[in-house]
Amino acid sequence: MNLVGKTLGPYKVLALVGQGAMAAVYRAEHIALGREVALKVPHMSTRVEHEDVARFRREGKLLASIQHPGVIQILDADEEDGVPYLAMTFV
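For the sequence shown, the residue numbers in numbering that gives the first Met the number 0 are 0 to 90.
Quick look at the structure:
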């Protein structure tokens with residue numbers, strides 16, 4: 000699923016930054032604030048397991064609880080039209 004040019008919640012997706020086995024990371028902009036963020040979105044194949052989405056949400060909750068200069072800050076965690084995402088500081 001390519002989200003470039005689309006909106007996901009309050010974010011306009013600008014470019015694909017990278018992807019791994021479980022998720023893709025996009026450069027995006029919070030439309031109202033003009034803040035650039037990184038959006039992490041799990042790969043949503045036709046066979047997404049419930050456990051995978053639950054693991055993704057746990058990752059967001061865990062990362063949001065950590066405050067350290069060496070850890071990316073989670074700014075938002077939500078879901079839009081069945082697509083969960085994490086918004087984080089773009090580095």
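Don't be surprised by glycine CBs; every beta carbon is placed ideally from N, CA and C.
A quick note: this is a predicted structure, and the numbers were derived from the prediction, not measured.
Going by beta carbons, Val90 and Ile71 fall inside the 9 angstroms limit. Classified as exposed, Ala20 has fewer than 16 neighbouring CB atoms from the shown chains inside 10 Å of its CB. Checking the DSSP bridge columns, you'll see Gly17 partnered with Val24.
The criterion of a C-beta distance shorter than 9 angstroms is satisfied by Tyr25 and Val3. Annotation: Ala22 to Tyr84 spans about 10 angstroms, alpha carbon to alpha carbon.
Pairing Gln18 with Leu38, the inter-Cα distance amounts to about 11 angstroms.
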